[in-house]
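**Student:**
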Amino acid sequence: MAGLEDLYKEIILDHYRNPRNRGELETPPALKAEGFNPLCGDEIVVYLDVDDDGVIQQVATGGQGCSISQSSASMMSAAIKGKTVAEARAITDSFKGMMSIHESGLDKESAGNKLDLSMGDLSALKGVVKFPVRIKCATLSWNTLLQALEDASL
Amino acid sequence: MSLDISAIKADFPMLKRQIDGKRLVYLDSAATSQKPNAVLDAMDNYYRHSYASVNRGAYRIAAEATDLLDEARASVARFINAPNVHEVIFTKNATESMNLVAHSWGRANLGAGDVVVLTEMEHHANIVPWQMLREALDIELRWIPITESGELDLSNLDVLLDGAKLVSVTAMSNVLGTLNPIRRIADAAHAAGAVMVADASQYVPHLPTDVTELGVDAMVFTGHKMLGPTGVGVLWGTTELLEAMPPFLGGGDMIMQVTKEGFTTNNLPHKFEAGTPNIAEIIGLGAAVKYLEGLGMDAVREHEVSLTAYAMRTLTERFGADLTIHGPAEPAGRGGVLSFAYKDVHPHDISQVLDQHNVCVRAGHHCAKPLMQVMGVGSTARASMYVYNDETDVDALADAIESADDIFGMEI
């Protein structure tokens, strides 16, 4: 059986207690999207400042939720800050691939890996896959990020 | 007479299940209850020995199946002291029952500007059907507010009821455990000329229920929270109200006559039971009712008040200000539903930690998002108790909560 230590790794609790890029950005110019987990009531707000070259200059996240959703949002913000929209999408693909409960999805080389993007802190969330109910918590901020990009046709 | 909980536990096969060599501590009965052998056997017996469709067919097995269904309806009617057996309508669940009332009664009796009064502590099942009517008919919804302690604030009731056509209130909150003064609200609703509906999903399973004493015109509840199976719910309504309501679903069984020109409706209860019903589940619910009658609903209530008092005392003594229990402080004024917050640990994380100890609780908004907004929280953890729970379950809950400190207690 998967133990809680697989889920609540120290780096996750650190991001939960000390979230990076927490706050709001002025909209406009910032993009904004809200994500909800209708099952548990968690909410995530993602703000992005994307410059004319398609580089994400600023990220902020708001909302409230459990340690997994909040730490994932914090890690997401750190991972995409300063990256291009294309890179952010690739990291998102990699992350969501890691969150796939299908074994094939875990082994398959995703687009992100091909781009040789390091998952860094994000790999700490890998244990979430052993707790399938929590996958939605971990992917909430990422889906909200994609929503923000989609809303702006980026 | 007090309940013999260890004997009751032995009636529930699920409670014999072990995970990682440890017993299950099931504290999520407000979401759904476990099933005793009596219920499982009744449904199994129907499928294995008496299986046929109901309300038609001259052969003996068909008559037997119909008898089983009729007996279940009579049992449910007796359980809630319904004046007439035909006032018990079987549906899929309480949600469908409430939608039936909203759709059938609502569309026949409500128009633009008409007022429906709800409370801030309703389950989505008693909110969304009325919001759908508001979108369709432009009715007005009013909300009875709640107090700091999680009780209905009735100080302004007369104003809220002024001009109301229907009032629909939960008899017991699925989040706060609050037992609401249904009789008082029903009397006030009637004085204002409104129809009174109670959502008794959390009430009927746990307290002796008498629809005539509650003074309501209609009441909805579900089978799976009262030891019965999923897939069967009940709408009880006065004959007068049900007779005046147009049918909800159309099809077989609900008609008296059908021609190419039109149809006439069947008598109660069939008028509201279109199509082949969930026969096995209805029979299962009948068996659940008999099981509860065997325990005695006064004894069930007494057990839950005493266990709730023990739980509130235990959690308060062990965790002090680190743990907050939402809802009324007096066990006698509430049911065995304990929504709580522990330190700043998110309810999802609490339930994850508890699961590691086989303690099953619910974390989330409990389908009561407007209430969550009023309470100023996103979600709560909720432990809820029933006839098969005892003090050892409460102690296991407390031990498991304490273990959250191992993960979330450290400073980083």
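Residue numbers (my numbering), protein chains in the order written: chain A, 2 to 155; chain B, -18 to 393. Glycine residues also receive a C-beta, built at the ideal position from the N, C-alpha and C atoms. The model shown is predicted, which means the values in this text are computed figures rather than measured ones.
Given that A:Leu40 touches chain B, what residues does it touch there, using C-beta distances under 7 Å?
**Tutor:** As a first step, residue 40 of chain A must be located in the first sequence, where it is residue number 39. In chain order: Gly345.
**Student:** Would you mind stating whether B:His412 and B:Val368 have Cβ atoms separated by less than 8 Å?
**Tutor:** Nothing can be reported for residue 412 of chain B: it is not among the residues displayed for chain B, which extend from -18 to 393.
**Student:** Could you name the residues that DSSP lists as bridge partners for B:Lys241?
**Tutor:** For the purposes of this step, residue 241 of chain B is identified with residue 260 of the second sequence, where counting begins at 1. Bridge partners of B:Lys241: none, in fact.
**Student:** Would you mind listing the beta strand (DSSP E) stretches within the segment 13 to 63 of chain A that are 3+ residues and don't spill past its ends, in chain order?
**Tutor:** Whole beta strand (DSSP E) segments, 3+ residues: 32 to 37, 44 to 51.
**Student:** Assign B:Asn65 to one of two classes, buried (16 or more other C-beta atoms within 10 Å of its C-beta) or exposed (fewer than that).
**Tutor:** Against the second sequence, residue 65 of chain B aligns to sequence position 84. It is exposed - the Cβ of B:Asn65 has fewer than 16 other Cβ atoms within 10 Å.
**Student:** State the start and end residues of the unbroken beta strand (DSSP E) segment that holds A:Ala125.
**Tutor:** Numbered from its first residue, the first sequence carries residue 125 of chain A at position 124. From DSSP, A:Ala125 is part of no beta strand (DSSP E); its letter is neither H nor E.
**Student:** Just to confirm, are A:Met100 and A:Ala74 a CB contact at a threshold of 8 Å?
**Tutor:** Taking the first sequence and counting its residues from 1, one reaches residue 100 of chain A at position 99. Taking the first sequence and counting its residues from 1, one reaches residue 74 of chain A at position 73. For A:Met100 and A:Ala74, no; Cβs fall outside 8 Å.
**Student:** 8 Å is my cut-off, CB to CB: does A:Leu5 come that close to chain B?
**Tutor:** Residue 5 of chain A sits at position 4 when you count from the first residue of the first sequence. So, interface residue.
**Student:** Are the CB atoms of B:Asn339 and B:Lys3 nearer to each other than 8 Å?
**Tutor:** For the purposes of this step, residue 339 of chain B is identified with residue 358 of the second sequence, where counting begins at 1. For the purposes of this step, residue 3 of chain B is identified with residue 22 of the second sequence, where counting begins at 1. Taking 8 Å as the Cβ cut-off, B:Asn339 and B:Lys3 qualify as a contacting pair.
**Student:** Where does B:Thr373 land, buried or exposed, given buried means 16+ other C-beta within 10 angstroms?
**Tutor:** What you label residue 373 of chain B is simply residue 392 of the second sequence in a count that begins at 1. Looking at its Cβ environment, which holds fewer than 16 other Cβ atoms inside 10 Å, B:Thr373 is exposed.
**Student:** Using a cut-off of 8 Å between C-beta atoms, extract the partners of B:Ile388 located in chain A.
**Tutor:** For the purposes of this step, residue 388 of chain B is identified with residue 407 of the second sequence, where counting begins at 1. Within 8 Å Cβ-Cβ: Leu5, Tyr9, Leu14.
**Student:** B:Lys(-10): which of B:Leu378, B:Ser384, B:Met366 sits nearest, CA to CA?
**Tutor:** By one-based count along the second sequence, residue -10 of chain B stands at place 9. Of B:Leu378, B:Ser384, B:Met366, the residue nearest in Cα terms is B:Met366.
**Student:** With a cut-off of 8 Å, does the C-beta of B:Gly359 fall near any C-beta of chain A?
**Tutor:** Counting from 1 along the second sequence, the entry for residue 359 of chain B is found at position 378. B:Gly359 counts as touching chain A.
**Student:** Hey, B:Thr100 and B:Thr151: beta-carbon distance below 8 Å or not?
**Tutor:** Indexing the second sequence from 1 puts residue 100 of chain B at position 119. Indexing the second sequence from 1 puts residue 151 of chain B at position 170. Contact: yes.
**Student:** How about A:Leu155 and A:Val86: do their beta carbons lie closer than 8 Å?
**Tutor:** Translated into positions along the first sequence, residue 155 of chain A becomes position 154. Translated into positions along the first sequence, residue 86 of chain A becomes position 85. Contact flag set, yes.
**Student:** Excluding the 5 residues flanking B:Leu81 on each side, which residues of the same chain have their C-beta closer than 7 Å to its C-beta?
**Tutor:** Counted from its first residue, the second sequence places residue 81 of chain B at position 100. Thr72, Leu216, Phe229, Phe253, listed in sequence order.
**Student:** Using a Cβ-Cβ distance under 8 Å, would A:Leu155 count as near chain B?
**Tutor:** Position 154 of the first sequence, counted from the start, is the residue given in the question as residue 155 of chain A. False, the Cβ-Cβ gap to chain B never drops below 8 Å.
**Student:** Excluding the 5 residues preceding and the 5 following A:Gln58 in the sequence, name in chain order all residues of the same chain whose CB lies nearer than 6 Å to its CB.
**Tutor:** The sequence position of residue 58 of chain A within the first sequence is 57, counting from 1. Hits under 6 Å: Asp50, Asp52.
**Student:** What does A:Ser68 touch in chain B if you count any residue whose Cβ is under 7 Å from its own?
**Tutor:** Along the first sequence, read from residue 1 onward, the residue named residue 68 of chain A stands at position 67. Chain B residues near A:Ser68: His327, Asp330.
**Student:** Using a Cβ-Cβ distance cut-off of 8 Å, determine whether B:Lys324 contacts chain A.
**Tutor:** Mapped onto the second sequence, residue 324 of chain B falls at position 343. Closer than 8 Å: no.
**Student:** What separation, rounded to the nearest whole angstrom, lies between the Cα atoms of B:Met353 and B:Thr13?
**Tutor:** Stepping through the second sequence from its first residue, residue 353 of chain B is reached at position 372. Stepping through the second sequence from its first residue, residue 13 of chain B is reached at position 32. Roughly 21 Å between the two C-alpha positions.
**Student:** Less than 8 Å between the CB atoms is what I'm expecting for B:Met226 and B:Ala89, so what's the real figure, rounded?
**Tutor:** Here residue 226 of chain B is taken as the residue at index 245 of the second sequence, counted from 1. Here residue 89 of chain B is taken as the residue at index 108 of the second sequence, counted from 1. Indeed they touch by this definition, with Cβ atoms about 7 Å apart.
**Student:** Looking only at its own chain, which residues have a Cβ that is under 6 Å from the Cβ of A:Ser111, when we skip the five neighbours before and after it?
**Tutor:** Walking along the first sequence from the start, residue 111 of chain A turns up at place 110. Caution is warranted here: a pLDDT of 46 is assigned to A:Ser111, below 50, making its placement in the model unreliable, and the coordinate value is therefore given only provisionally. Around A:Ser111: Asp94, Ser95, Gly98.
**Student:** Kindly indicate the opening and closing residues of the beta strand (DSSP E) around B:Arg363.
**Tutor:** Residue mapping note: residue 363 of chain B aligns to position 382 of the second sequence, counting from 1. Counting along the chain, the beta strand (DSSP E) containing B:Arg363 begins and ends at 361 to 365.
**Student:** Using a Cβ-Cβ cutoff of 8 Å, what residues of the segment 43 to 61 of chain A are near chain B? List them in chain order.
**Tutor:** Flagged, chain order: Asp43, Glu44.
**Student:** Quick one: list the residues of chain A neighbouring B:Val6, beta-carbon separation under 7 Å, in chain order.
**Tutor:** Locating residue 6 of chain B in the second sequence gives position 25, counting from the first residue. Those do not exist, as B:Val6 stays about 17 Å from chain A at its closest Cβ, beyond 7 Å.
**Student:** Between the beta-carbon of B:Thr289 and the beta-carbon of B:Pro309, is there less than 8 Å?
**Tutor:** By one-based count along the second sequence, residue 289 of chain B stands at place 308. By one-based count along the second sequence, residue 309 of chain B stands at place 328. No; because the gap between Cβ atoms is not below 8 Å, this pair is not in contact.
**Student:** Taking Cβ-Cβ distances shorter than 7 Å, what residues in chain B pair up with A:Gln65?
**Tutor:** Position 64 of the first sequence holds residue 65 of chain A. Within chain B, the residues near A:Gln65 are Gly359.
**Student:** Look up B:Arg4 in the DSSP assignment and give the residues it is bridged to.
**Tutor:** For the purposes of this step, residue 4 of chain B is taken as residue 23 along the second sequence, with counting starting at 1. Bridge partners of B:Arg4: B:Gln(-1).
**Student:** For A:Asn38, is the classification buried or exposed, using 16 other Cβ atoms within 10 angstroms of its Cβ as the cut-off for buried?
**Tutor:** Counted from its first residue, the first sequence places residue 38 of chain A at position 37. The residue in question, A:Asn38, is buried, as its Cβ has 16 or more Cβ neighbours within 10 Å.
**Student:** For the candidate residues B:Gly38, B:Ala362, B:Ala175, whose alpha-carbon lies nearest to that of A:Cys41?
**Tutor:** As a working mapping, residue 41 of chain A is identified with position 40 in the first sequence. Answer by Cα proximity: B:Ala362.
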